[in-house]
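*Asks:*
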Amino acid sequence: MTKVIEADRGFKVWWHLTRPHTLTASFVPVFLGTAIALAIDKETINFGLFFAMLIASMLIQAATNMFNEYYDYKLGLDNEHSVGIGGTIVRHGVQPKTIMMIALSFYAIAMLLGVYICASTSWWLAAVGLVCMLIGFLYTGGPYPIAYSPFGEIVSGAVMGMGIVLIAFYIQTLTVTLDAILLSVPSMILVGGIMLSNNIRDIVGDTEGGRKTLAILVGRDRAISVLSGFFIVSYLWVLALVAIDGITFWALIIFLSVPKPLRAIQIFRDKKEAKEVMPAMKYTAQTNTIFGFLLGVGLLINYFFY
1 MTKVIEADRG FKVWWHLTRP HTLTASFVPV FLGTAIALAI DKETINFGLF FAMLIASMLI
61 QAATNMFNEY YDYKLGLDNE HSVGIGGTIV RHGVQPKTIM MIALSFYAIA MLLGVYICAS
121 TSWWLAAVGL VCMLIGFLYT GGPYPIAYSP FGEIVSGAVM GMGIVLIAFY IQTLTVTLDA
181 ILLSVPSMIL VGGIMLSNNI RDIVGDTEGG RKTLAILVGR DRAISVLSGF FIVSYLWVLA
241 LVAIDGITFW ALIIFLSVPK PLRAIQIFRD KKEAKEVMPA MKYTAQTNTI FGFLLGVGLL
301 INYFFY
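Be aware that the sequence shown starts at 1, since it is given in this note's numbering, and climbs by one per residue.
1. Enumerate, from N- to C-terminal direction, the unbroken alpha helix (DSSP H) stretches of 4 or more residues contained entirely within the region 207-285.
2. Compare the Cα-Cα distances from residue 134 to each of 270, 180, 61, 69 and report the closest residue.
3. According to DSSP, is residue 186 helix, strand or coil?
4. Using a threshold of 8 Å, state whether the C-beta atoms of residue 231 and residue 259 are closer than that.
5. Within 10 angstroms of the Cβ of residue 211, are there 16 or more other Cβ atoms? Answer buried if so, exposed if not.
6. Specify the secondary structure class of residue 144 as computed by DSSP and reduced to three states.
7. Put residue 153 into one of helix, strand or coil per three-state DSSP.
8. Would you say residue 147 and residue 29 are within 8 Å of each other, going by their C-beta atoms?
9. Measuring alpha carbon to alpha carbon, tell me which of 144, 31, 298 ends up nearest residue 249.
10. DSSP state of residue 97, grouped into three classes?
11. Can residue 40 and residue 202 be called in contact, C-beta distance under 8 Å?
12. Tell me which residues share the same chain as residue 104 and place their Cβ nearer than 8 Å to its Cβ, disregarding the 5 neighbours each side in the sequence.
13. Using 8 Å as the Cβ pair cut-off and three pairs as the minimum, do the region 120-127 and the region 137-144 touch?
14. Counting Cβ pairs closer than 8 Å, one from the region 181-188 and one from the region 217-225, do we hit at least three?
15. Inspect the beta-carbon positions of residue 217 and residue 153 and report whether they are closer than 8 Å.
16. Just tell me which of 150, 265, 114 has its CA closest to the CA of residue 229.
17. Please determine, among 171, 68, 143, the residue with the shortest C-alpha to C-alpha distance to residue 198.
18. Would residue 188 and residue 158 qualify as a contact pair, given that the criterion is a beta-carbon distance under 8 Å?
19. Just the C-alpha distance for residue 233 and residue 95, rounded to the nearest angstrom, thanks.
20. Please confirm whether residue 183 has its beta-carbon closer than 8 Å to some beta-carbon of chain D.
21. State the DSSP-derived secondary structure class of residue 173, mapped to helix, strand or coil.
22. Any idea what DSSP makes of residue 70, helix, strand or coil?
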């Protein structure tokens, strides 16, 4: 019985290392890009490419999380008192080099999947994929980590939001259309919002650690207002696409997710301690997940029933 409990704890530690609740930031864009492809430009979907893209994206996201864990520890930003989803090194005693090796192994598997995707579509995607993987490493690694700068939100949004949506669309259609770009904008904004919510929570510790994030530069109250703007623009963007660009009205089911961002902003406004605003971060991530999923579902409903 003791061995079973220890094994279960071991599994939870390694599962926690991937930061599983962040993996929706890679799953949803793949789903959305594929749904856009089916709704706009395709009669059928290549499920082999879909699952290869999905697994590769999640592996890259998990590896990026591990790089973040590794470099936060190396730079002294993580300790036993840190609040957040990290801490596998400082709380559970996992060796830093082990985490780095696992992250690089995930990258290697993602590259093999990328070879299959490129061989089935275009080798130009190899360059795009390598750039995305490099950005994932440089996000917290290298001499000038992107996550510690004011550009973390825009880079994470562009790569993990818009970039993945458009790649998922491209591998099914071998093209990128204006409608696909327009429909990927909310994903870019909301993925950036996840990063911003993290930086709002960590504003005190990041300031002490010498970071220069957007939240630090504009201040906590303005950062919350910026996050509110991210949410508002995302919903209004889809509303405008329905009204102006002729996107199906079924896309408006995204508004079913509105309670999540409202709750996130309320908590950020009412609470200030890092532990107290953790639920706000969860609601921000859920906004991205539910919004993107509902937008994809709306497009699929229109495709299958109209």
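We treat Cβ as the ideally placed atom computed from N, Cα and C, and that holds for glycine.
*Replies:* Short version:
1. 214-218, 220-240, 259-270
2. 61
3. helix
4. no
5. buried
6. coil
7. helix
8. no
9. 298
10. helix
11. no
12. 63
13. no
14. no
15. no
16. 265
17. 68
18. yes
19. 42 Å
20. In the structure shown, chain D cannot be found, because there is only a single protein chain.
21. helix
22. helix
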